[in-house]
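Worksheet for the structure shown next.
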Amino acid sequence: MVLPEHRMTHLQQLEAESIHIIREVAAEFDNPVMMYSIGKDSSVMLHLARKAFAPGKPPFPLLHVDTTWKFREMISFRDKMAKEAGMELLVHTNPDGVAANINPFDHGSAKYTDVMKTQALKQALNQYGFDAAFGGARRDEEKSRAKERVYSFRDRFHGWDPKNQRPELWNLYNGRINKGESIRVFPLSNWTELDIWQYIYLQGIEIVPLYYAAERPVVERDGMLVMVDDDRLPLADGEQPQKLHVRFRTLGCYPLTGAVESRAQTLPEIIQEMLVARTSERSGRAIDHDEAGSMEKKKREGYF
Amino acid sequence: MYEAPQIDNIEDYLRQHETKDMLRFITCGSVDDGKSTLIGRLLHDSKVIFEDQLAAITKDSTRHGTTGEAVDLALLVDGLQSEREQGITIDVAYRFFATDHRKYIIADTPGHEQYTRNMATGASTAQVAILLIDARYGMQIQTRRHSFICALLGIRHFVIAINKMDLVGYSQERFDEIRQQYAEFVAGLNVPDVHYVPMSALVGENVVHQGTQMPWYQGQPLLTLLDTLPIQRGEVLGKMRLPVQYVNRPNLDFRGYCGTLAAGEVRPGLAVKALPSGKTSTIKSVVTWEGEQPLAFAGQAITLTLNDEIDISRGDMLVAADDTVTLGHAFMAHVVWMHEQPLVIGKTYDFKLGTTFTSGQITEIKHQIDVNTLEKHEAGELPLNGIALCRIQLTRAVAFDPYQVCRATGSLILIDRLSNVTVGAGMVISEADDVKGRKSLPPVTAELRARRLSQQAARLTVSGEGAAAFAEYLEAALFAAGAYPVLLGEGSEDTANALLGAGLLVIDVAGTDGPRQLAARSEQGEITLAPLAQDDDSAAEAVLTALREQHLIG
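Listed in order, the protein sequences are those of chains A and B.
Mapping the first sequence onto our numbering, position 260 (from 1) lands on 495, and the numbers just tick up by one.
Mapping the second sequence onto our numbering, position 334 (from 1) lands on 1260, and the numbers just tick up by one.
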């Protein structure tokens, strides 16, 4: 007998798939952690984790790798959300990077990202001995991501080998690892940027206010609008921050994240803007432009 | 001055798009069939390509492209750097686009024979297969191969895209000929729904838009077809199946069984039983974040509470109390092999079937199937990309269904116990008789023991100061690492040999004078070990590492 059709919308299907993945990790790993980057994707991932274990709390902590150059509003939002979810929040900053005063201006975005993000992440994963780490990456973000598995195996040096990935069939994920190895888990693999925004809208998920347009002080550098979030941003002679109505399509370290001029103050307005946008989401991030295939290279070295 | 662009009514737009359906399809064909071009065309014409991506591939086209001056849409699709240089895609990549009706997930897999594994991976979650045929050459061996794999993986809707019609003068005769040829072939496979579309992905005829070159074609362009194809939801099996994934116990008053409903539906009050135990209860509530639900159906990720406290854990399955579900140790299954090291009959593998994780063996290869000719032949082992009908014997009883009626409870993966790699995938056909009688059991050899235990028999002799204590520690460390060690007191050679014959790691002590030393021997001879470190921890760690490196333990 075939039962009458019960229809699930695409967002309901994506949600069910993500919840399945998150539960699977909680069931099969000893010490999982959820990477929390405070952006919209992380907000959706956290929301899904809370849904997966309701009426309980997610049985793992949140981890934020703090480069010390995040927007101030991100940090306050982070603390608020962790508290609301009732989850433990771990924050890690690379102490070597701080000691050497590594910053995006003197050392360039590539070196800075490696030290303060990739190396810091590895330090944190080693320090706590996590065997699985959730990340909010999506396959539609970037070409090398399109081939990454939901369960992405990392060797004991956190490296990714794109040519040697485990086959992944149905929803049967293989989480078997030896000591020291780990799995990066991407429960949002099959979501697109539009799916994320629609879901945020439908579910009323809170996001960092920086996504909404407001008058903010910015300077223009190499065609990128950089927000002057604090007085650490070195200004060139005669460079004057100007107040513009801007918002962010993606959030990261403020000196490396380009703002877009916008008046969108509601989610429908943001989605409307996104639908007619002429550039893809990651193009606001300096890190992907360094060289062709730069993301693939970073991921091989342990970047998320 | 910045000006927000207008969509007539964004709220209406969002309402329409939140009720969209989702469809997953796989594209099969080789680079030469224009598969990447087809996908690039779908993405391009449905406007999911952003300007910066287009600019990037325009730049890349001059470096890697094969289309001369025109933008090579295929470059959008061919992902990793190393692959791009080889000019082929070597793995499964997933692409996304949406129309007003559906969100699409494309599993893009390469078509070469050596990539059967990738195609099976992509097909495992697909509902529709798009098979490309070059109109100039008609059906090829690979067309048969792709069709067979997609049917084997349970895809019920096929779209045969007869591409490059521009190179055969848009000939209806040629299209009809290939259609006829394929229809005869596909009749032998279990595919209830087959469609044929003549197209040119390069020019854009009948991909997204109706073309002008083939007025004789009365059907829909590919994308319209995909948008309107009625897809059967849920599994053929209409009965409740909940593989228990996680037991949620946030406090003493709540015990919930979490899982994704694999088939059927469930409501409060339903009488259920847990398998394999067979213990019964009734559903108390269907819990989600949004609150208690009156009903849940296949595909939903839910949490159930029961009216009785019965012992249920991950790997069990909840089904209707009056349902007869196959529960057994052995079944017949089609196995697709995915590793360079061939499948070995009798070797112990780990199996993941639904949420059950257990060990077991392939006890028999009934026949291997040649993916090109679909002929069956005998086989003693199964190589990479081989497909065979096998008998699988597990060490614990599991509930299962035939794959063709329920993918989620009839599919399994095989994992190598030493490397932890996924080495194969299986689709259950039917229950098999449990092993019976003396004849069906092979004699127990050292090799079989080694496979079962995932270790080689070896003798580790500790001597010198503190040897006894260190030997004891070494035993514990090896045991903790998953190996099977036995600590033998000083003395009997016969006992040591018997234990070695049983495939164990024998640890013994030979004298407690002088500096601490360790001698190790396996059947292959002396095992070279670095001198022992002073402290017990690093000494034991070094021994374990050395044994692992020489593949004596897993």
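All residues carry an ideal CB built from backbone N, CA and C; glycine is no exception.
Within 10 angstroms of its Cβ, does ILE1067(B) collect 16 or more other Cβ (buried), or is it exposed?
exposed
Which residue wins for smallest C-alpha separation from GLY1225(B), given the options ALA1256(B), ASP1237(B), ALA1189(B), LEU1253(B)?
ALA1189(B)
Give the residues of chain A in contact with THR1186(B), contact being defined as C-beta atoms less than 9 Å apart.
ALA251, GLU252, ILE254, HIS255, ARG258, ASN406
Assign ARG242(A) to buried or exposed, taking buried as 16 or more other Cβ atoms, counted over all protein chains shown, within 10 Å of its Cβ.
exposed
Residues of the region 283-303 of chain A whose Cβ lies closer than 8 Å to any Cβ of chain B, in chain order
ARG285, LYS286, ALA287, PHE288, ALA289, PRO290, GLY291, LYS292
Distance between ASP301(A) and GLN1053(B) (C-alpha atoms, nearest Å):
42 Å
Under 8 Å between C-beta atoms, does THR492(A) make it to chain B?
no
Chain B partners of THR348(A), CB-CB under 9 Å?
What THR348(A) touches in chain B: nothing, since even the nearest Cβ is about 19 Å away.
Whole angstroms is fine: what's the gap from GLU455(A)'s alpha carbon to HIS480(A)'s?
14 Å
Which first and last residues belong to the beta strand (DSSP E) in which ARG1317(B) is found?
1313-1326
Just to confirm the assignment, what range does the alpha helix (DSSP H) spanning CYS954(B) have?
Not the alpha helix (DSSP H): CYS954(B) falls in the beta strand (DSSP E), residues 947-954.
Secondary structure of SER1389(B), DSSP reduced to three states:
strand
My output table needs one value for LYS305(A): the three-state DSSP class, helix, strand or coil.
strand
In chain A, which residues lie less than 7 Å from ARG1021(B) when you measure between Cβ atoms?
ALA381
Any residues in the region 382-406 of chain A with a beta carbon nearer than 8 Å to a beta carbon of chain B? Which ones, in chain order?
LYS382, PRO397, LYS398, GLN400, ARG401, PRO402, GLU403, LEU404, TRP405, ASN406
Can you confirm whether the region 307-318 of chain A touches the region 402-414 of chain A when touching is taken to mean that 3 or more C-beta pairs between the two stretches lie within less than 8 Å?
no
Output, in chain order, the set of chain B residues within a Cβ distance shorter than 7 Å of LEU246(A).
GLU944
Quick check for students: name the residue ranges of the beta strand (DSSP E) that lie wholly in the region 362-387 of chain A, counting only runs of 3 or more.
367-369
Note down, in chain order, each residue of its chain lying with its Cβ closer than 8 Å to the Cβ of ILE435(A), except the 5 sequence neighbours on either side.
LYS275, SER278, VAL279, ILE442, LEU502
Quick check on this structure: which residue in THR427(A), ASP390(A), GLU428(A) has the alpha carbon closest to the alpha carbon of ARG419(A)?
ASP390(A)
Proximal residues, the region 348-381 of chain A versus chain B, C-beta separation under 8 Å
ARG374, ASP375, LYS378, SER379, ALA381
Chain B contacts from the region 303-337 of chain A (Cβ-Cβ distance under 7 Å)
none
Close-in-space but distant-in-sequence residues of the same chain around LEU486(A) (CB under 7 Å, 5 per side omitted):
ILE273, GLY274, PHE306, MET309, VAL443, LEU445, THR492
What does a CB cutoff of less than 6 Å around LEU1232(B) pick up in its chain, not counting 5 residues either side in sequence?
SER1207, LYS1210
Reduced DSSP category for SER1008(B) - H, G, I as helix; E, B as strand; rest coil:
Low confidence applies to SER1008(B): its pLDDT is 45, below 50, so where it sits in the model is not reliable, and the reading given next is rough at best. Helix, per DSSP.
Do MET1166(B) and VAL1245(B) count as a contact pair if the criterion is CB distance below 8 Å?
yes
For GLU995(B), name the three-state secondary structure that DSSP assigns.
Here GLU995(B) scores only 43 on pLDDT, less than 50, and its place in the model should not be relied on; the value that follows carries that caveat. Three-state DSSP puts GLU995(B) in coil, outside helix and strand.
Starting from the C-beta of ALA287(A), find all residues in its chain whose C-beta is less than 6 Å away, skip the five residues before and the five after it, and write them out in chain order.
ILE254, ILE257, ARG258
So with Cβ pairs under 8 Å, would you call ILE1288(B) a contact of chain A?
no
Step through the CB atoms of chain B and report whether any lies within less than 8 Å of the CB of ARG467(A).
no
Along chain A, in chain order, which residues have C-beta atoms closer than 8 Å to that of TRP1215(B)?
ARG285, LYS286, ALA289
With contact counted as at least three CB pairs below 8 Å, one residue from each stretch, are the region 1384-1394 of chain B and the region 1350-1360 of chain B in contact?
no
Measure from the C-beta of MET243(A) to each C-beta in chain B and report whether the shortest distance is under 8 Å.
yes
Between GLY332(A) and MET351(A), how many whole angstroms is the CB-CB distance? I'm expecting something under 8 Å.
5 Å
Give the straight-line distance between the Cα atoms of GLN1136(B) and THR1154(B), rounded to the nearest whole angstrom.
15 Å
What is the DSSP secondary structure of ASN1423(B), reduced to helix, strand or coil?
helix
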